[in-house]
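*Asks:* Residue numbers (the working numbering), protein chains in the order written: chain A, 6 to 231; chain B, 5 to 220; chain C, 123 to 350.
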């Protein structure tokens, strides 16, 4: 167990170190998330009262699109010098590679969300009445489900010819439950509901998180065969 | 196919494309399970869980397995963690000197030449002191100078009594470094013998043509 | 093998003809359907196609697990064949749903939970087929597809739950009210389900034959290439 965790740690360290040297990916994700919002505000009148109703949905579209951008990159660095083979040769449980990648992607996506969310609220002059803590919890739980299955499918897609194009096509249908849950919970909490009032959705999303952490964990060995 | 190799010997495998060299090496280096048969590495029979055995294996391929955005030191440190190398920092400095890259310790691998990357890749492979080394076409893409450096490093490995299995298309260097020679064709061992048995480079080319078939 | 296929083909023909007869001649139209009573008949095809969709994807799921366990090509071929047929039948569901909906509630699409789940299901198995088309080597294609075949199927119940709760928050304008089924209608539906199941089996056998022929052809080509 200790060995497993230290392998996970090594992979997270390696990915963060490489990313924060150039910040290529995280800045692209952030710019992309903003662009989505700006495009949306041209598509709908941003001053209209109705915008407040669709804001949670728009926010999640931006997060998911930007997140997918990041997921697509996460196995690219492993492919450049066939580094993934180097990882597979190492005496570590291969599931550690999966967990390491999930953690890394979770950190990038959360960072982007942490910067983007307040800006979105300001841009749309949204008077937020709910609890920040509940909002954070909801965003983290939903993001985790998205990242857990997204990391796995990104690894799957990176094994094919059309990897970058393939990922959204195979990922979006699978994350439908998380998207519904995330939008509904965010909407409710924006409107001032407590966590208890969104318990049903929270349960759906948490079940999803667990299922799509365990199943990829079981299947990751098959994915990484040479 | 039946194949065995004594400890401390250097075996080079030749063969045409599609002979099964890479597949053989993937099975030997535990990247891929064999569809049938028995494999014994370092005196241990290979079972389902190969995690512990992988500690004893190092692989140098024509792919470097390195991360371009990390420095030489960071790359080695990362692999050292995965292999749980003790006294890691000292060992990292030791191997980087062994391959002569101590001047470029803190440069990102991205800016390294092909030859330097390959040398760092050797350092990566011997970092955890493996008793068996597998070399998969290590000469691909190297210039003459880089080949010489690689050869001297390989000669050094031989002196350290490591068992080495290499596959290559380069007859000249292949013959100059190895103790034993094998020719693989269509998944079968077409020839197997000691280095002394095959004679000069020219004799070997003759032998290779005879075993693999004359089409050129 | 040939015999068995012919037998199943024959049974399929007989049951299908019987089902069509029952649908149009035997089953009554419920009294609460006033406009275009014939449209209500689409129920039998719609529901049966949906059943085959689920059955086909369940077969993909089981065959995927068996492939990963045994690495036997036949499971991969079975999964691929079943997925293709499943997508065809879910397409039928998605086409007949709006036709029925337009006639019954004057709206093509109502985001009814079952229909919406079928739509997501359809996308998941389209993705499955896209994966098959974009992997290069045979072994890899089989492996990646099997992995997705498992992930996709595990997702289906969660999708259904989520969509159902989502609909309770946003009530449907046109409620897809329960059409009370009389015993005669139930019998007809039952026979239709059997007919579609045989149709599925028959298509599956045909599709497996095509896959086998393709494999043989690939083998011959491989041999031919080796000569050059």
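Just so it is clear, CB atoms sit at the ideal spot from N, CA and C, and this is done for glycine as well.
As the structure is a computational prediction, the values presented were derived from the model and not from experiment.
Using a C-beta cutoff of 8 angstroms, does residue 85(A) count as contacting chain B?
*Replies:* By this cut-off, residue 85(A) is an interface position.
*Asks:* What are the boundary residues of the beta strand (DSSP E) that residue 184(B) is part of?
*Replies:* Residue 184(B) -> beta strand (DSSP E) spans 184–189.
*Asks:* Quick one: grab the DSSP three-state call for residue 214(A).
*Replies:* helix
*Asks:* Compare the C-beta of residue 191(C) with all C-beta atoms of chain A and state if any pair is closer than 8 angstroms.
*Replies:* no
*Asks:* From what residue to what residue does the beta strand (DSSP E) around residue 192(B) run?
*Replies:* 192–198
*Asks:* Measure the alpha-carbon distance for residue 297(C) versus residue 228(C) and round it to whole angstroms.
*Replies:* Its pLDDT being 46, under 50, residue 297(C) is placed unreliably by the model, and the measurement read from it follows with that caveat. Going by the C-alpha atoms only, they are around 12 angstroms apart.
*Asks:* For residue 30(B), does the count of other Cβ atoms within 10 angstroms reach 16, so buried, or fall short, so exposed?
*Replies:* buried
*Asks:* Would you tell me roughly how many angstroms separate the C-alpha atoms of residue 225(C) and residue 24(A), rounded to the nearest one?
*Replies:* 56 angstroms
*Asks:* Determine the burial state of residue 134(C): buried for a count of at least 16 other Cβ atoms within 10 Å of its Cβ, exposed for fewer.
*Replies:* Around the Cβ of residue 134(C), a 10 Å sphere holds 16 or more other Cβ atoms; the residue is buried.
*Asks:* Anything in chain A within Cβ reach of residue 149(B), meaning under 8 angstroms, just list it in chain order.
*Replies:* In chain A, no part has a C-beta under 8 angstroms from the C-beta of residue 149(B); the shortest such distance is about 21 angstroms.
*Asks:* Which class does residue 111(B) belong to by DSSP, given the choice of helix, strand or coil?
*Replies:* coil
*Asks:* When DSSP builds the beta bridges, which residues end up paired with residue 14(B)?
*Replies:* 168(B)
*Asks:* Can you confirm whether the region 138–145 of chain B touches the region 83–102 of chain B when touching is taken to mean that 3 or more C-beta pairs between the two stretches lie within less than 8 angstroms?
*Replies:* For the pair of segments examined, the region 83–102 of chain B was found not to touch the region 138–145 of chain B: the number of CB pairs separated by less than 8 angstroms stays below three.
*Asks:* Check each residue of the region 273–286 of chain C: if its Cβ is closer than 8 angstroms to any Cβ of chain A, include it; give the result in chain order.
*Replies:* 273, 274, 276, 277, 280, 281, 283, 284 and 285
*Asks:* State the beta-bridge partners of residue 44(B) as determined by DSSP.
*Replies:* 49(B)
*Asks:* On the DSSP bridge assignment, give the partners of residue 157(A) in chain order.
*Replies:* According to DSSP, which records beta bridges pairwise, residue 157(A) is partnered with nothing at all.
*Asks:* Does any C-beta atom of chain C lie closer than 8 angstroms to the C-beta of residue 220(A)?
*Replies:* yes
*Asks:* CA-CA distance, residue 220(B) and residue 194(B)?
*Replies:* Its pLDDT being 44, under 50, residue 220(B) is placed unreliably by the model, and the measurement read from it follows with that caveat. Their Cα atoms are separated by approximately 18 angstroms.
*Asks:* With a CB to CB cut of under 8 angstroms and the five nearest residues on each side skipped, what residues in its chain are close to residue 334(C)?
*Replies:* 199
*Asks:* Bridge partners for residue 277(C) per DSSP, in chain order?
*Replies:* BP columns for residue 277(C) are empty, so no partner.
*Asks:* Just to confirm the assignment, what range does the beta strand (DSSP E) spanning residue 137(B) have?
*Replies:* 136–140
*Asks:* Which residue wins for smallest C-alpha separation from residue 154(B), given the options 162(B), 164(B) and 143(B)?
*Replies:* 143(B)
*Asks:* So residue 63(B) is in the beta strand (DSSP E); what residue range does that whole segment cover?
*Replies:* According to the DSSP assignment, residue 63(B) belongs to the beta strand (DSSP E) that extends over 61–65.
*Asks:* Is the beta carbon of residue 90(A) closer than 8 angstroms to that of residue 35(B)?
*Replies:* With respect to the 8 angstroms criterion, residue 35(B) and residue 90(A) are classified as neighbours on the basis of their beta carbons.
*Asks:* So what does residue 52(A) bridge to, in DSSP terms?
*Replies:* DSSP output for residue 52(A) lists no bridge partner at all.
*Asks:* Which of the three DSSP states is assigned to residue 239(C) in this structure?
*Replies:* helix
*Asks:* Quick one: is residue 6(A) near chain B, going by C-beta distance under 8 angstroms?
*Replies:* It does not: the Cβ of residue 6(A) has no partner Cβ on chain B nearer than 8 angstroms.
*Asks:* Assuming residue 60(A) and residue 131(A) make a contact with CB atoms under 8 angstroms, what is their CB distance in whole Å?
*Replies:* The pair is a contact, with the Cβ atoms about 6 angstroms apart (cut-off 8 angstroms).
*Asks:* Quick one: grab the DSSP three-state call for residue 165(A).
*Replies:* The answer is coil: DSSP assigns residue 165(A) none of H, G, I, E or B.
*Asks:* Based on Cα-Cα distance, which residue from 200(A), 216(A), 13(A) and 148(A) lies nearest to residue 64(A)?
*Replies:* 148(A)
*Asks:* Alpha carbon to alpha carbon, how far is residue 327(C) from residue 126(C)? Give it in angstroms, no decimals.
*Replies:* 9 angstroms
*Asks:* Chain A partners of residue 185(C), CB-CB under 7 angstroms?
*Replies:* Chain order gives no chain A residues near residue 185(C), where near means a beta carbon separation below 7 angstroms; the closest approach is about 15 angstroms.
*Asks:* Whole angstroms is fine: what's the gap from residue 186(A)'s alpha carbon to residue 203(C)'s?
*Replies:* 34 angstroms
*Asks:* Since residue 319(C) contacts residue 174(C) with CB under 8 angstroms, what's their CB separation in whole angstroms?
*Replies:* 7 angstroms
*Asks:* To the nearest whole angstrom, what separates the beta carbons of residue 131(B) and residue 166(B), a pair I think is in contact under 8 angstroms?
*Replies:* Contact between residue 131(B) and residue 166(B) does not hold, since their C-beta atoms are separated by about 13 angstroms, which reaches or exceeds 8 angstroms.
*Asks:* Using 8 angstroms as the Cβ pair cut-off and three pairs as the minimum, do the region 20–37 of chain A and the region 72–79 of chain A touch?
*Replies:* yes
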